[in-house]
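**Q** Input: one structure, supplied below.
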Amino acid sequence: MLFHRELADSLNVCSGCEHHMAITPRKRFEALFDGGIFTEVDVPEVVADPLGFKDQKKYPDRMKAAQKKTGERDAMLVAEGDIGRTPIVAAAQDFSFMGGSMGMYVGNAIVAGAQRAVAMNKPFVLFSAAGGARMQEGILSLMQMPRTTVAVEMLREANLPYIVVLTHPTTGGVTASYAMLGDVQIAEPNALIGFAGARVIEQTIREKLPEGFQRSEYLLDHGMLDRVTHRKDLREELITITRMLMGQTPAIKGDLPAPIAEEALDTTRSEETSA
Amino acid sequence: MNHYLEFEKPLAEIEGKAEELRALARSNEEMDVEEEAAALDKKAADLLVDLYKDLTPWRKCQVARHPDRPHCKDYIEALFTEYTPLAGDRNFADDHAVMGGLARLGDVPVMVIGHEKGNDTKSRISRNFGMARPEGYRKAIRLMEMADKFGLPIITLVDTPGAYPGRGAEERGQSEAIARSTEKCLQVKVPLISVIIGEGGSGGAVAFATGNRILMLEHSVYSVISPEGCASILWKDAEKMREAAEALRLTAQDLRKLGVADGIISEPVGGAQRDRHAVIEAVGDALRAAVSELKDLDKSDLVKDRRQKYLDLGSKGLAA
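In order, the protein sequence lines correspond to chains A and B. This note's numbering numbers the first residue of the first sequence as 1 and each following residue consecutively. This note's numbering numbers the first residue of the second sequence as 276 and each following residue consecutively.
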């Protein structure tokens with residue numbers, strides 16, 4: 001038996017089988033940032049329903065339902081704060097919001113996150129989770145592939161680390177753009193990661209796909225990832241990596257008090273930058 | 276014409292009748308059918324204009340996929356001189372779904388890269404129906420880097436149903452290859468001009484079509500997903516492709532309104548497949564104009580111009 005409290009404590013990872021269940025961006029950030037404290041980065045509004053798209057449901061109705069279900073504006077949350085006293089900007093995609101699909105809002109979120117990272121000279125950490133592009137925004141969703149790639153270019157030019165954590169599932173146009181362009185590519189265990197869907201591939205090649213196909217460990221074996229890391233170890237790993245890439249001193253291990261006193265925190269920051 | 280599209284059936288009947296009449300007259304010298312046949316010709320010509328005047332998005336998809344449309348290879352052979360194909364990704368293989376190499380457009384040396392679908396069963400199979408694998412995108416990246424190094428404008432001709440969905444393609448990093456190819460398009464300090472000559476199929480097209488100028492043929496399409504794919508996901512019925520094609524706004528005309536396409540190249544009446552020579556010339560004119568328009572831009576302005584084009588695609592919509 002698995003209790004809610006226990007599950008929340010283990011970041012939605014089953015204590016019995018180590019299965020990594022979905023976690024919302026907000027919950028993830030609460031666990032990621034020091035003392036659970038983070039500031040949201042503003043994401044510019046987008047044109048709602050840019051194509052007037054209607055399938056069996058109207059796109060605005062689907063949006064309203066998703067917003068009601070998740071309490072979020074769209075499928076990505078961007079925030080800044082400290083992890084192990086290391087300042088970062090982070091973005092996390094929300095699979096529970098229309099399959100995490102990438103439309104103009106997600107594009108805006110990534111561009112805003114990258115711009116904020118560049119302005120504040122902070123690394124950018126992105127947690128991906130999406131079925132792909134949002135069909136209801138047609139070509140404009142597809143155009144977020146080059147658009148988010150421009151955001152990655154901004155980070156590259158500023159010599160700032162861009163670290164991607166691929167979570168279950170990350171597929172389609174999302175994998176084929178910003179989610180595969182990280183300086184360091186990390187995946188959570190057993191996440192589905194790929195371009196084409198397994199069903200489409202099986203129909204095309206008319207053969208059964210091997211066990212574990214398109215899963216994190218399979219991609220690691222094929223040289224497509226740097227690391228597969230358990231969710232409970234991610235925070236420490238991100239601290240270690242970003243601090244090295246930013247030329248900062250090793251993180252102080254152990255429990256730190258929550259950053260309550262703003263002034264004290266600022267002092268630490270300036271010491272770190274001058275170090 | 277020997278390949279009629281489904282919506283061209285009435286046209287096929289009239290043209291067939293005219294042909295029959297003339298065949299009859301050839302075998303029987305006494306018969307004079309010219310007047311009658313000419314009337315049918317006129318009727319057919321009027322019908323053709325009528326059919327193509329206001330093509331529905333789904334019909335546009337059919338025209339864009341027409342097997343007799345000129346393909347990448349036809350454009351390269353007709354428009355460029357000294358075409359020197361360059362092969363391979365230096366890593367795994369040479370992908371025949373992607374062709375590319377050095378060539379001259381007029382006097383200007385350029386790098387030309389495109390998807391090739393093939394034009395008969397044998398070539399379609401060897402070209403994998405224009406569906407590239409990672410090595411195809413990696414070959415393109417290599418050629419773009421070379422063009423960048425030697426200051427050659429890059430011309431890409433886009434015509435693909437999409438990137439190939441296969442086991443090996445996934446294992447060799449299809450997503451990464453597409454992402455890197457798009458990234459390379461954004462990085463090069465030379466003009467990059469793309470023409471969607473037929474089908475712009477999703478990420479497989481973006482990987483080549485992230486440029487300073489995106490031109491589309493009048494009846495070409497460019498979409499996040501095929502209408503059939505979209506229908507089967509959102510309508511749970513692949514037969515709803517007409518509705519999906521409508522909803523997706525994938526025509527050159529809609530893309531021009533949305534700011535994705537920078538220009539539309541007119542096709543002959545009845546589509547590119549009815550006058551290959553004319554459409555190839557029109558593409559040549561458009562390419563020469565675009566190259567000369569961009570040739571004096573600074574290296575950094577070219578990169579900036581390209582980036583801005585895509586950064587702007589976050590705030591526009593159609594006034595539906």
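The beta-carbon is built from N, C-alpha and C at its ideal position, and this holds for glycine as well. Keep in mind that this is a model prediction, so the values were computed, not measured.
Taking only beta-carbon positions, decide if residue 253(A) is within less than 8 Å of chain B.
**A** Residue numbering aside, residue 253(A) sits at position 253 when the first sequence is read from its first letter. Chain B, which has no Cβ nearer than 8 Å to the Cβ of residue 253(A), makes this no.
**Q** Strictly under 8 Å for the Cβ-Cβ distance: is residue 431(B) near chain A by that measure?
**A** The residue you call residue 431(B) lines up with position 156 of the second sequence. No, residue 431(B) does not count as interfacial toward chain A.
**Q** Does residue 119(A) pass the burial test, meaning 16 or more other C-beta atoms within 10 Å, or should it be called exposed?
**A** Taking the first sequence and counting its residues from 1, one reaches residue 119(A) at position 119. Label assigned to residue 119(A): exposed.
**Q** Assuming residue 448(B) and residue 409(B) form a contact by the criterion Cβ under 8 Å, report the distance between their Cβ atoms to the nearest whole angstrom.
**A** In the second sequence, counting from the first residue as 1, residue 448(B) sits at position 173. In the second sequence, counting from the first residue as 1, residue 409(B) sits at position 134. Confirmed, Cβ separation roughly 5 Å.
**Q** Helix, strand or coil for residue 75(A), going by three-state DSSP, please let me know.
**A** Indexing the first sequence from 1 puts residue 75(A) at position 75. Here residue 75(A) sits in coil by DSSP.
**Q** So the candidates are 559(B), 429(B), 492(B); which of them puts its Cα closest to the Cα of residue 577(B)?
**A** Locating residue 577(B) in the second sequence gives position 302, counting from the first residue. Nearest of 559(B), 429(B), 492(B) to residue 577(B), Cα basis: 429(B).
**Q** Name the chain A residues that come within less than 8 Å of residue 445(B), Cβ to Cβ?
**A** What you label residue 445(B) is simply residue 170 of the second sequence in a count that begins at 1. Ordered by position in chain A, the residues that pass the 8 Å Cβ test against residue 445(B) are 194, 195, 196, 201, 213, 214.
**Q** If contact means a Cβ-Cβ distance below 7 Å, which residues of the segment 154-174 of chain A contact chain B?
**A** Answer in chain order: 173.
**Q** Is there at least one Cβ from chain A nearer than 8 Å to residue 582(B)'s Cβ?
**A** Locating residue 582(B) in the second sequence gives position 307, where the first residue counts as 1. With 8 Å as the cut-off, residue 582(B) counts as an interface residue toward chain A.
**Q** Counting only Cβ-Cβ distances shorter than 7 Å, please list the residues of the segment 534-553 of chain B near chain A, keeping chain order.
**A** Residues passing the 7 Å Cβ filter: 535.
**Q** So residue 510(B) contacts chain A; which residues on that side make the cut at Cβ distance below 7 Å?
**A** Translated into positions along the second sequence, residue 510(B) becomes position 235. Per Cβ cutoff of 7 Å: 55, 56.
**Q** Mind checking the segment 91-106 of chain A against chain B and listing, in chain order, the residues whose C-beta falls within less than 8 Å of any C-beta there?
**A** The residues in question are 104.
**Q** Please report the Cβ distance between residue 155(A) and residue 117(A), rounded to the nearest whole angstrom; I am assuming they are in contact, meaning their Cβ atoms lie under 8 Å.
**A** By one-based count along the first sequence, residue 155(A) stands at place 155. By one-based count along the first sequence, residue 117(A) stands at place 117. So it is a contact: roughly 6 Å between Cβ atoms.
**Q** Quick check: the segment 493-511 of chain B against the segment 215-233 of chain A, are there 3 or more CB pairs under 8 Å?
**A** No, they do not touch.
**Q** Tell me, please, whether the CB atom of residue 435(B) is closer than 8 Å to any CB atom in chain A?
**A** Locating residue 435(B) in the second sequence gives position 160, where the first residue counts as 1. By this cut-off, residue 435(B) is not an interface position.
**Q** Name the chain A residues whose beta carbon is nearer than 8 Å to that of residue 575(B)?
**A** Along the second sequence, one-based indexing puts residue 575(B) at 300. Those do not exist, as residue 575(B) stays about 12 Å from chain A at its closest Cβ, beyond 8 Å.
**Q** Going by CA-CA distance only, name the one from 344(B), 416(B), 342(B) that's closest to residue 374(B).
**A** The residue you call residue 374(B) lines up with position 99 of the second sequence. Nearest C-alpha to residue 374(B): 416(B).
**Q** In the structure shown, what three-state DSSP assignment does residue 11(A) receive?
**A** As a first step, residue 11(A) is located in the first sequence; it is residue number 11 there, counting from the start. Here residue 11(A) sits in coil by DSSP.
**Q** Along the chain, where does the beta strand (DSSP E) containing residue 167(A) start, and where does it finish?
**A** In the first sequence, residue 167(A) corresponds to position 167, counting from 1. From DSSP, the beta strand (DSSP E) with residue 167(A) extends over 162-171.
**Q** Which ranges does the beta strand (DSSP E) cover as unbroken runs of at least 3 residues, wholly within the segment 526-573 of chain B, from first to last along the chain?
**A** Segments of the beta strand (DSSP E) lying fully in the segment 526-573 of chain B: 538-540.
**Q** Counting only Cβ pairs nearer than 8 Å, list the residues of chain A close to residue 591(B).
**A** Residue numbering aside, residue 591(B) sits at position 316 when the second sequence is read from its first letter. Within chain A, the residues near residue 591(B) are 47, 50, 140.
**Q** Any contact of the segment 501-515 of chain B with the segment 52-67 of chain A, i.e. 3+ C-beta pairs under 8 Å?
**A** Touching, per the Cβ criterion.
**Q** My assumption, with CB atoms under 8 Å, is that residue 391(B) sits in contact with residue 346(B). Please give the rounded CB distance.
**A** On the second sequence, position 116 is the one that residue 391(B) refers to. On the second sequence, position 71 is the one that residue 346(B) refers to. Their Cβ separation, rounded to whole angstroms, is 6 Å, which keeps residue 391(B) and residue 346(B) in contact under 8 Å.
**Q** Taking the alpha carbon of residue 212(A) as the reference point, which residue from 225(A), 192(A), 205(A) has its own alpha carbon closest?
**A** By one-based count along the first sequence, residue 212(A) stands at place 212. Checked all of 225(A), 192(A), 205(A); the closest Cα to residue 212(A) is 192(A).
**Q** Using a Cβ-Cβ cut-off of 8 Å, state whether residue 595(B) counts as contacting chain A.
**A** Against the second sequence, residue 595(B) aligns to sequence position 320. Residue placement at residue 595(B) cannot be trusted, given a pLDDT of 43 that sits under 50; what the coordinates show is reported in the next sentence. Yes, contact with chain A.
**Q** Under 8 Å between C-beta atoms, does residue 111(A) make it to chain B?
**A** By one-based count along the first sequence, residue 111(A) stands at place 111. True, the Cβ-Cβ gap to chain B drops below 8 Å.
**Q** How many angstroms separate the CA atom of residue 291(B) from the CA atom of residue 522(B)?
**A** The sequence position of residue 291(B) within the second sequence is 16, counting from 1. The sequence position of residue 522(B) within the second sequence is 247, counting from 1. Looking at the two C-alpha atoms, the distance is approximately 35 Å.
**Q** What does the Cβ neighbour count give for residue 20(A), buried or exposed, with the cut at 16 atoms within 10 Å?
**A** On the first sequence, position 20 is the one that residue 20(A) refers to. It counts as buried.
**Q** State yes or no: is the beta carbon of residue 315(B) nearer than 8 Å to at least one beta carbon in chain A?
**A** Here residue 315(B) corresponds to residue number 40 of the second sequence, with the count starting at 1. Judged by the 8 Å Cβ criterion, residue 315(B) is not in contact with chain A.
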